[in-house]
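So for the sequence shown, the working numbering puts the first residue at 3; every next one is plus one.
Just so it is clear, CB atoms sit at the ideal spot from N, CA and C, and this is done for glycine as well.
Here is the structure we will look at.
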Amino acid sequence: MPLAALVVMRSCEWRGLVRCRICELVYNSRVVKRNEIKYWWLIVRGSLIVLLLVACHATPASEEVPVLETAVLTKEVPQSIVETPTALPPATPTPMPTQSPVETAVIEPTRPLPTLQNPAHPDFINMADTAGVPLVVVDEDNTGVWQYPEDTFIHPLAFAIHDNRAYLLDAGQILILNLAMPEQPVLLLKGGDVIEGVTVLEPLDLHAAPDGLLVLDRAGDVYRYDWQESAWHVDRYDRPISDTSSHYYVALAGEGNAGTALVRNGRYLLETSYNYTMLYADGVQQSLWNLAEARGIDIAAAGDVVYVLAQNMYDTEAQLTKYEQTSKVGEFQPATVIDQARQVLATETAVYILDQNGKRLLIFTPQDGQLQTLMQLPQDDVISAFGIHPETNQLLFAGKNRLYLFDRPGELANVPGQPLLTGIQPHDFAVLHAITGFAPPIGWDITTRDLQMPGAPRHYRLGVHQGADFYWARDSQVFAAADGIVIRATQDYEPPFPAAFYDMRTQSHELGYTSEEALDFYRGRQVWIEHENDIVSRYIHLASVAWDLEEGQPVQQGQLVGTVGNSGSPASLESPDSDAHLHFELWLGDYYLGQFLRPVETRDWLSRILHH
């Protein structure tokens, strides 16, 4: 008889139960001998007794079963959010990884809501008392804060609002921010995009007009994002011009395009090289009017009135001038000193100036320029741009990864999303403040012309100027701006033939911009020095390189690196002396110093770094 059947049968008998069908089948079996049954029964009975004794001493379900400790592979997590694992039977060992351990997913703790601490500063209190105007301090009692992830936007240059969406210009790209809900910004435009066959170089300013979002490129072009079509168009093309053109548009404003019912005053461009304002639009006669000599900062329009904000030539104070039908309005005379101004916006009832490098907002009357209100902006942030909601007149301020919503207290949010920028950013003030130990490579003063500064257009090659020009006589000595290592020295440079210049010019016009190959061609004879913190200085258009300079060689600040010349420039075809100057560039990683900054900011930072 099979042993299993015998066990079942005897178990049934031993428990005093009614024989089951299996037991009956076993009894009817004629195969098993009684002696054999007796022998096996003794074994089974003994086994059953042992099992009963073990069962009587089994661990109650309520008692804790000890579990072997295993190595913790994840960071400590609060007990309240960790599920208790189900205990495995002691006889089943916990499986261990055979390769590299896999980290268990950890629930990240919720980021604390942003705060806004901005106690009234004594200087602002005194300013307001002296002017006899109210001081409004932007703080948590009157302002909400939306905190975006790190490296979402660093130092916005322009801010416009349309249909409850904010359009923010930062790092050469335009972001859309939903003002109804704090969410990840959407990228609308960036350098390198192509609009109707035109390659975008670097957006410098923007304005929300009734017929679309206007964007000014450093090259001088204006693009328009049509609200109805949700599509980009070229509003004004400015690149195919003569070699001698040297205008530099730095800001735009306007309310519509001619030929539509939306138009009242067309588009205005502020030019800083020759100091004029230009009005253009389809169907409207293009007109220019001259401005006082100054450095153009920004322009705003309200109806038929235009406001021009410009910085003095030799200091950081600024002037705000009102024009009507191209004529200066003499009654408008702000008495308040405007310093380190960055932006102007205007409505029918007020004119707003962002100054003191983003620490203060001045509000003037549009009739005579009298100060109405002084606002103290967050002092622990750099407010680099602001906007006015066209429907509610609500003020919104943009700082570093932060949006401040004035008159919306209690709206505190950590906006979800991922960083939009990676690596070192050339417009990050923390990065710029850390650049020390530099001196001018020649002379002392930097150029007074904005056209000779980083970020200015270079019309002859349809590109952007990436350095500062120091005009000195040919063969003047050029020195290392700081200690470093030579990483390039073109000792074997040979002046190209005129045909090569023609080929490069043709290439630029076919592409619509300056290629990297053409940029290096136009630099001519050059020296590059690598400094600490991934900073590189470049010395360009040299007539000669110091005879003992070679790649890999350490140099000290003030060491001779070459002499002033015009190599690589089109003027070199005329004579060795024509347009001789040192072209000096500072690079922070992949970006030139001045990239993504306003022209007045570039001048300020270059002066600070070289004269620190």
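- Taking the Cα positions, L179 is about 17 Å away from I385.
- In the structure shown, W446 falls within a coil segment according to DSSP collapsed to helix, strand and coil.
- Below 8 Å, enough C-beta pairs join the segment 531–544 and the segment 584–592 to call them touching: three or more.
- By a beta-carbon distance limit of 8 Å, A482 contacts Q559. Their separation comes to about 6 Å.
- Your pair L405 and W148 checks out as a contact, with CB atoms roughly 4 Å apart and the cut at 8 Å.
- Around the beta-carbon of L293, 16 or more other beta-carbon atoms lie within 10 Å, marking it buried.
- Counting every other CB atom within 10 Å of its CB across the protein chains shown gives H209 a total of 16 or more, marking it as buried.
- Taking a contact as a CB-CB distance under 8 Å, the pair G389 and L398 counts as one, their CB atoms being some 5 Å apart.
- Distances from the alpha-carbon of L423 to those of I163, G174, V140, L115 put G174 closest.
- With a minimum length of 3 residues, the unbroken runs of beta strand (DSSP E) contained wholly in the segment 557–597 fall at 562–565, 584–590.
- Comparing C-alpha distances from T279 to each of T328, V188, D430 shows the shortest one belongs to T328.
- In summary, E512 is exposed, with fewer than 16 beta-carbon neighbours lying within 10 Å of its beta-carbon over all protein chains present.
- One thing to note: P205 has its Cβ no nearer than 8 Å to the Cβ of L215.
- DSSP places I156 in no alpha helix (DSSP H); its state is neither H nor E.
- For L171, the closest of L189, A501, D452 by C-alpha to C-alpha distance is L189.
- Between I197 and P151, the alpha-carbon positions lie close to 30 Å from each other.
- When secondary structure is reduced to three states using DSSP, E532 falls in the strand class.
- Per DSSP, reduced to three states, the secondary structure at N416 is strand.
- With a beta-carbon spacing of about 26 Å, A491 and Q509 fall beyond the 8 Å limit used to define contacts.
- If you draw a straight line from the Cα of G360 to the Cα of R344, it comes to about 7 Å.
- Assigned with DSSP and collapsed to three states, D522 falls in helix.
- CA-CA distance, V433 to E534, rounds to 12 Å.
- If you look at F126, you'll find it in the alpha helix (DSSP H) that goes 124–133.
- Looking only at Y316, W229, V557, P380, the smallest Cα-Cα distance to I487 is reached by V557.
- Only buried fits D219, as 16 or more other CB atoms lie within 10 angstroms of its CB.
- Shown here for K324: same chain residues with a beta carbon closer than 6 Å to its own, the five before and five after excluded, namely Y309, V331, F334 in chain order.
- For A303, the enclosing beta strand (DSSP E) starts and ends at 297–304.
- By the Cβ test, the segment 469–479 is in contact with the segment 566–582, since at least three Cβ pairs between them sit closer than 8 Å.
- Annotated three-state conformation of F431 is helix, per DSSP.
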